[in-house]
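Undergrad: Using the numbering used here, read the sequence shown as starting at -4 and increasing by one per residue.
Backbone N, C-alpha and C define an ideal beta-carbon position, used for all residues, glycine too.
One structure is given below, represented as structure tokens, and several questions about it will come after.
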Amino acid sequence: MLLASFYLISFLRGSAGRTLGAGERRVRRDANVSSEQVFDVTVIGGGPAGLFAAFYCGMRDLSCQIIDSLPELGGQLTALYPEKYIYDVGGFPKIRAKELVEQLKAQAMQFSPAVFLEEQVTGLTKTDDGLFVLETTKAVRRSRAVIIAGGVGTFTPRKLPAKGAEAYEGKGVHYFLPSAEPFRGKRVLVVGGGDSAVDYALMLEPVAEKVILIHRRDQFRAHEHSVKQLFESSVEVRTFTELLDVKGDGKVEAVTVIHNQTKETDEIAVDAVVSGLGFVASLGPIKNWGLEIEGNSIVVNSKMETNIPGVYAIGDINTYPGKVKLIAVGLGEAPIAVSNAKTYIDPTAKLATIHSSDRTDIPVGRA
């Protein structure tokens, strides 16, 4: 974990204060790569953990291909909250999600991994000669080892259980918040008590005319520090409160809420409703690959290895005793998986490697 944090912090600090060159930020999309080509490692998922794994493959002189079902690299950070600040990546008081993704992309692309976007891996099999064959929605890919970094898998928003909510989706009811700017000067109701809801409320507070957050309990699942910030902000917090109805004329104009203890109702004039109820995750085809699954996660050992030798899982998609699902944890798991993949592919290789500060062939981040 410390090793991963060192590499990431050294790279980002080395890049601070200058514009990344075109070659550093370019993502190589390899539509013409032959399906017969065999890479050392396939990374399934192009989120933070996957991108850092691709970088570390380069550090260990392993050829790498990244396969992601989304149209852009970055995973949930790009798809769901690019403007949101992240506070728990070591060495940075805060960094915007899209900026972290750009730096991780630039870091990984130094080693020119092949990148296949809008392509879902549907099947994984191991041949008699030890190669892994990955069937995708577009082609057949091959590699000697596989690192699954698929985040929470496929995810769909948990729908608001309120009358009228579905009818106003796209007309004032929002399940994704890529930017706070469209809410400037508006009255916004945020629903939920987890990290998403609290983060959304704090993100909207500086730009919205008014932000109200309702939660059905008085206990919040969000990080304690974020909850403290919430109650110190101008956000109006209503606990033991649930959403009953969404009203309007072609667009959201008001909501009805109910206090679930007193049963009193209240109509509030709002311009938008933002759901922070989280997402329903599914492993999708991964469940059929013969992996040991616990809940909605892939079981791994201390090597980040699954029950199938040569297949590893990192980030939010894996589980083991004491697992904590944070970006920082996924970044730390990446070098563990890659280093063990290295020794799996080449048993004569050393598990440990030299420090990045001893390398002279890495242009980005060099002092």
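Grouping DSSP H, G and I as helix and E and B as strand, with all else coil, what is residue 313?
TA: Here residue 313 corresponds to residue number 318 of the sequence shown, with the count starting at 1. Here residue 313 sits in strand by DSSP.
Undergrad: Got a sec? Which residues, its chain only, sit under 6 Å from residue 173 by beta carbon, not counting five neighbours each side?
TA: Translated into positions along the sequence shown, residue 173 becomes position 178. Cβ neighbours of residue 173 beyond the five flanking positions: 77.
Undergrad: Quick check on the burial criterion: 16 or more other C-beta atoms within 10 angstroms. Buried or exposed for residue 38?
TA: Reading the sequence shown from its first residue, position 43 is the one you call residue 38. Classification of residue 38: buried, given that the 10 Å Cβ count is 16 or more.
Undergrad: If the criterion is Cβ atoms closer than 8 Å, does the pair residue 204 and residue 181 meet it?
TA: For the purposes of this step, residue 204 is taken as residue 209 along the sequence shown, with counting starting at 1. For the purposes of this step, residue 181 is taken as residue 186 along the sequence shown, with counting starting at 1. Closer than 8 Å, so yes.
Undergrad: Mind checking whether residue 276 and residue 69 have CB atoms under 8 Å apart?
TA: Taking the sequence shown and counting its residues from 1, one reaches residue 276 at position 281. Taking the sequence shown and counting its residues from 1, one reaches residue 69 at position 74. No, they are not a contact pair.
Undergrad: Compare the Cα-Cα distances from residue 329 to each of 115, 117, 130, 141 and report the closest residue.
TA: As a first step, residue 329 must be located in the sequence shown, where it is residue number 334. Selected option, being the one with the closest Cα: 141.
Undergrad: Scan the segment 99 to 145 and note each continuous beta strand (DSSP E) run of 3 residues or more that stays entirely inside, going in chain order.
TA: Listed in chain order, the complete beta strand (DSSP E) runs (minimum 3 residues) inside the segment 99 to 145 are 109 to 111, 116 to 121, 127 to 131, 135 to 143.
Undergrad: Just to confirm before moving on: does the CB-CB distance between residue 72 and residue 96 stay below 8 Å?
TA: By 1-based counting over the sequence shown, the position of residue 72 is 77. By 1-based counting over the sequence shown, the position of residue 96 is 101. Cβ distance < 8 Å, so residue 72 and residue 96 count as in contact.
Undergrad: Does DSSP put residue 178 in a helix, in a strand, or in coil?
TA: Here residue 178 refers to the residue found at position 183 when the sequence shown is read from its first residue. Three-state DSSP puts residue 178 in a helix.
Undergrad: Within the continuous beta strand (DSSP E) that includes residue 281, where are the two ends?
TA: Here the question's residue 281 lines up with position 286 in the sequence shown. Counting along the chain, residue 281 falls outside any beta strand (DSSP E), and DSSP gives it neither H nor E.
Undergrad: For the candidate residues 194, 108, 83, 60, whose alpha-carbon lies nearest to that of residue 135?
TA: Translated into positions along the sequence shown, residue 135 becomes position 140. Of the candidates 194, 108, 83, 60, the one whose C-alpha sits nearest the C-alpha of residue 135 is 60.
Undergrad: Taking three-plus beta-carbon pairs below 8 Å as touching, is the segment 237 to 250 in contact with the segment 156 to 171?
TA: Yes, since at least three Cβ pairs between the segment 237 to 250 and the segment 156 to 171 fall closer than 8 Å, the two stretches touch.
Undergrad: Helix, strand or coil: how does DSSP classify residue 303 here?
TA: Taking the first residue of the sequence shown as 1, we reach residue 303 at position 308. Coil, per DSSP.
Undergrad: Among 177, 348, 171, 283, which residue has its Cα nearest to the Cα of residue 194?
TA: Looking up residue 194 in the sequence shown gives position 199. The residue with the shortest Cα to Cα distance from residue 194 is 171.
Undergrad: Counting only the same chain and skipping the five closest in sequence on each side, list residues whose C-beta sits under 8 Å from that of residue 335.
TA: Position 340 of the sequence shown, counting from 1, holds the residue named residue 335. Closer than 8 Å at the Cβ level, and outside the excluded window around residue 335, lie 298, 299, 300, 307, 346.
Undergrad: Which residue spans inside the segment 43 to 100 form an unbroken beta strand (DSSP E) run of at least 3?
TA: Listed in chain order, they are 59 to 62.
Undergrad: Which same chain residues, not among the five before or five after residue 16, have their C-beta less than 7 Å away from its C-beta?
TA: Reading the sequence shown from its first residue, position 21 is the one you call residue 16. Low per-residue confidence applies at residue 16: pLDDT is 38, beneath 50, and the placement is therefore not dependable enough to give any value.
Undergrad: Quick check on residue 226: buried or exposed, where buried means 16 or more other Cβ atoms within 10 Å of its Cβ?
TA: As a working mapping, residue 226 is identified with position 231 in the sequence shown. Flag for residue 226 reads exposed.
Undergrad: Starting from the Cα of residue 64, find the closest Cα among 104, 31, 130 and give me that residue.
TA: Locating residue 64 in the sequence shown gives position 69, where the first residue counts as 1. The candidate whose alpha carbon is nearest that of residue 64 is 130.
Undergrad: DSSP three-state call for residue 240: helix, strand or coil?
TA: Position 245 of the sequence shown holds residue 240. Note: residue 240 maps to strand in three-state DSSP.
Undergrad: Measure how close the beta-carbons of residue 310 and residue 42 come, nearest whole angstrom, since I'm counting them as under 8 Å.
TA: The residue you call residue 310 lines up with position 315 of the sequence shown. The residue you call residue 42 lines up with position 47 of the sequence shown. The pair is a contact, with the Cβ atoms about 7 Å apart (cut-off 8 Å).
Undergrad: Residue 36 bridges to which residues according to DSSP?
TA: Numbered from its first residue, the sequence shown carries residue 36 at position 41. DSSP lists 59, 140 as partners of residue 36.
Undergrad: By alpha-carbon positions, which one of 67, 220, 33, 28 ends up nearest to residue 40?
TA: Within the sequence shown, residue 40 is the residue found at index 45, counting from 1. Taking only the C-alpha atoms, the option nearest residue 40 is 67.
Undergrad: Comparing alpha-carbon positions, which option in 35, 44, 33 lies nearest residue 320?
TA: Stepping through the sequence shown from its first residue, residue 320 is reached at position 325. Nearest C-alpha to residue 320: 44.
Undergrad: DSSP puts residue 322 in a beta bridge; with which residues?
TA: Within the sequence shown, residue 322 is the residue found at index 327, counting from 1. Paired residue(s): none; residue 322 is not in a bridge.
Undergrad: Grouping DSSP H, G and I as helix and E and B as strand, with all else coil, what is residue 202?
TA: Here residue 202 refers to the residue found at position 207 when the sequence shown is read from its first residue. It is coil, neither helix nor strand.
Undergrad: Assuming contact is defined by CB atoms lying nearer than 8 Å, are residue 293 and residue 62 in contact in what I supplied?
TA: The residue you call residue 293 lines up with position 298 of the sequence shown. The residue you call residue 62 lines up with position 67 of the sequence shown. No.
Undergrad: Residue 220 by DSSP, collapsed to three states: which one?
TA: Position 225 of the sequence shown, counted from the first residue, corresponds to residue 220. In this structure, residue 220 counts as helix in the three-state DSSP scheme.
Undergrad: Thinking residue 439 and residue 196 are a contact (beta carbons under 8 Å), I'd like their distance in whole angstroms, please.
TA: Because residue 439 is not part of the residues shown, which for the chain are -4 to 362, the question remains open.
Undergrad: Quick one: what does DSSP say residue 252 is sitting in, helix, strand or coil?
TA: Along the sequence shown, one-based indexing puts residue 252 at 257. Residue 252: strand per DSSP, three-state reduction.
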